[in-house]
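Visitor:
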Amino acid sequence: MENNTRHKVYTQAEIKHPWLAMASMLIGAFVGMLSETSLNIALPTLGKVFGVEASSLQWLVTGYMLIIGIVLPFASIISKWFTTRQIIIFALADFAIGALISGFASSFSILLVGRLIQGIGTGLILPLMFTVAMLIFPPQRLGAVMGVNALVIMFAPAIGPTITGIILGALSWRDIFYIFALLLAIGLVFAVLFLKNVSPITRPHVDVLSVLGSIIGFSSLVAGVSFASKDGWVSPRVLSLLILAIVVLTLYARRQLTLAEPILNLRVFAKPAFRTGALLVMIDFGIILSAMYLLPQFIQNAMLLPVAMTGIIMLPGGLVNAIVSAISGRMYDNIGAKVPACLGFGIALIGAIMLIFASAHASIPYIICAHVIMMIGCPLAMSPSQTHGLNALQGPESADGSTIMNTLQQIVGAIATAVATSLLGAGQAAHHTAGHAAAFASGVHYGFYFTVCLAIVGLLLATTLKNKSNN
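The sequence shown: position 456 = 564 (my numbering), numbered continuously.
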């Protein structure tokens with residue numbers, strides 16, 4: 109175990125090239141967030157290659173997000189046990205190894221193991237990227253740095269389906285992971301050459317029961333919802349997992365409220381503004397992830413368009429998502445959270461309803477239009493809701509609130525994808541006599557009913573926000 113006498117902790121003034129130091133984490137975060145949505149468009153191809161049903165394929169998405177959600181809360185305490193260089197180099201190497209395992213996979217099980225390994229790296233890199241940035245840049249430059257960090261996180265998942273579509277159209281599904289590994293290798297070079305240790309090692313106490321409760325509780329919850337798509341919601345396995353999740357997470361929450369230094373500071377939920385903001389962010393993320401999961405499969409399996417064309421169709425919405433994300437934060441500064449949140453959920457609701465009415469014979473411009481509308485609405489609501497919640501916190505609570513939001517985003521994203529998969533299967537089964545394309549379209553419509561419900565709940569909750577003048 110290394111300590112501070114052997115590994116110097118560098119001050120801000122001693123880091124001459126902070127952007128080069130940040131490069132490794134920016135590359136890692138970009139690949140990690142790109143990976144979160146990029147496989148959605150490859151699922152039909154992978155299903156044919158490995159002969160796997162949608163209920164199992166979804167684990168490539170939900171499993172990845174679940175691992176990120178489990179690892180994220182521990183990133184802060186891990187950074188107090190290991191040096192910055194150790195953590196980032198490990199995370200990048202871990203992600204690259206996971207990508208290579210998936211790339212060389214000869215079976216679906218090996219492919220899934222590689223995906224789960226990748227999630228560990230992403231879960232470590234994402235929170236540390238922001239922490240390190242605050243330590244190595246002077247205050248007057250933090251705004252620009254945080255803007256770059258946010259742009260990477262917003263832009264990568266927005267263009268993920270398009271990049272994957274182009275790769276699948278020209279190369280093989282394996283090349284997706286090989287390209288990930290190549291980018292991560294470049295990130296490793298930057299980490300080895302330029303990354304410095306910027307936080308001291310204090311080795312605080314680690315509450316083992318909290319660690320076990322977090323892993324068992326969240327895993328059981330996501331697994332229970334995921335298995336429901338195949339076994340049914342009242343099957344013994346699903347009910348057992350969901351009951352286990354409820355019991356363990358209840359005990360976990362009670363323990364976090366009694367610990368002096370909890371892994372997740374759940375006390376921040378006592379503040380109504382944070383509670384509302386966090387709920388809105390989770391609902392919004394659920395809308396985005398369920399739509400990003402359903403739409404590429406609809407284009408390929410219902411409209412019967414090639415994967416490369418699917419990527420092109422998804423591109424306008426992805427670009428709009430990134431652009432609106434970049435400007436929606438400024439709306440909060442001018443008019444508060446209520447107006448953009450209500451507008452955002454309302455616009456997203458319109459887009460989701462349009463997709464419910466999309467048949468297997470829908471025109472490409474119609475699909476692009478519906479997707480763009482959704483991708484205007486979701487980011488319009490996201491940033492103001494997040495800022496509204498975090499602004500209710502002060503001092504160290506701000507970091508706690510950010511960690512909770514990031515963690516629950518991943519868990520909710522995994523659950524939303526699993527629910528969408530379950531409804532997709534139910535819709536297909538209910539219309540199995542209509543032919544494959546028509547039955548698949550009906551299944552996707554069932555999934556978008558769930559998206560519509562989320563948008564309605566989000567819209568109703570957004571109306572409870574106070575106008576800026578009343579904050």
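Backbone N, C-alpha and C define an ideal beta-carbon position, used for all residues, glycine too.
According to DSSP, is G159 helix, strand or coil?
Guide: coil
Visitor: Please report the residue range of the alpha helix (DSSP H) in which Q502 lies.
Guide: Note, Q502: premise wrong, no alpha helix (DSSP H); not H, not E.
Visitor: Near L303, what residues of its chain come up, given a Cβ to Cβ distance below 7 angstroms and the 5 sequence neighbours on each side ignored?
Guide: A129, S132, T192, R193, I196
Visitor: Identify which residue in F556, M262, V169 has its Cα closest to the Cα of A434.
Guide: For the options F556, M262, V169, the alpha carbon positioned closest to that of A434 is the one of M262.
Visitor: How would you call Q494, buried or exposed, if buried means at least 16 neighbouring beta carbons within 10 angstroms?
Guide: In this structure Q494 is buried. Its beta-carbon is surrounded by 16 or more other beta-carbon atoms within 10 angstroms.
Visitor: Counting pairs of Cβ atoms below 8 angstroms between the region 197–210 and the region 296–313, do you hit three or more?
Guide: Verdict: yes, contact present.
Visitor: In chain order, what are the residue ranges of uninterrupted alpha helix (DSSP H) at least 4 long that sit wholly in the region 354–419?
Guide: 380–409
Visitor: I'd like to check one pair, T384 with L573: are the Cβ atoms closer than 8 angstroms?
Guide: yes
Visitor: Under the three-state reduction of DSSP, which class applies to I309: helix, strand or coil?
Guide: coil
Visitor: Below 6 angstroms CB to CB, which residues in the same chain sit around F358 once its five sequence neighbours on both sides are set aside?
Guide: Reading the sequence as shown, one finds Thr at residue 358 and not Phe. Cβ within range, chain order: n/a, list empty.
Visitor: Please list, in chain order, all residues of the same chain as Y554 whose beta carbon is under 7 angstroms from its beta carbon, the five residues on each side excluded.
Guide: L531, L532, A534, G535
Visitor: Distance, Cα to Cα, M141 vs S163?
Guide: 23 angstroms
Visitor: Hey, A548 and L463: beta-carbon distance below 8 angstroms or not?
Guide: In the sequence as displayed, the identity of residue 548 is Phe instead of Ala. Going by C-beta atoms, F548 is not nearer than 8 angstroms to L463.
Visitor: Taking P126 as part of the alpha helix (DSSP H), name the residues at either end of that continuous run.
Guide: Per DSSP, P126 belongs to the alpha helix (DSSP H) from 126–146.
Visitor: If you run the structure through DSSP and keep just helix, strand and coil, what is V314?
Guide: For V314, the secondary structure class from DSSP, reduced to helix, strand or coil, is coil.
Visitor: Between L516 and A386, is the Cβ-Cβ spacing less than 8 angstroms?
Guide: Yes, they are a contact pair.
Visitor: Consult DSSP for P342 and reduce its assignment to one of helix, strand or coil.
Guide: The sequence shown places Val at residue 342, not Pro. Coil at V342, not helix or strand.
Visitor: Please report the straight-line C-alpha distance between H479 and T270, rounded to a whole angstrom.
Guide: The alpha-carbon atoms of H479 and T270 are separated by roughly 13 angstroms.
Visitor: Here's the rule: buried if 16 or more other CB atoms are within 10 angstroms of the residue's CB, otherwise exposed. What is G543?
Guide: exposed
Visitor: Give the range of the alpha helix (DSSP H) segment to which H539 is assigned.
Guide: From DSSP, H539 is part of no alpha helix (DSSP H); its letter is neither H nor E.
Visitor: Rounded to whole angstroms, what's the CA-CA distance from G277 to L147? Just pull it up for me.
Guide: 14 angstroms
Visitor: Considering Cα atoms alone, identify which of A201, R311, S436, S187 is closest to G295.
Guide: The shortest Cα separation from G295 among A201, R311, S436, S187 belongs to A201.
Visitor: Near Y440, which residues of its chain fall below 8 angstroms by C-beta distance, leaving aside the five closest residues on each side in sequence?
Guide: Apart from sequence neighbours up to five positions away, the residues of its chain that approach Y440 with a beta-carbon distance below 8 angstroms are P448, S491, P492, T495, H496, ordered along the chain.
Visitor: Using 10 angstroms around the beta-carbon of F212, count the other beta-carbons present and answer buried if the total reaches 16, otherwise exposed.
Guide: Taking all protein chains shown into account, F212 has fewer than 16 neighbouring C-beta atoms within 10 Å of its C-beta and is therefore exposed.
Visitor: How many Å lie between F393 and I267 at the Cα?
Guide: 16 angstroms
Visitor: Give me, in chain order, the residues of the same chain whose beta-carbon lies closer than 6 angstroms to that of L259; leave out the 5 immediate sequence neighbours on both sides.
Guide: Here the set comprises nothing.
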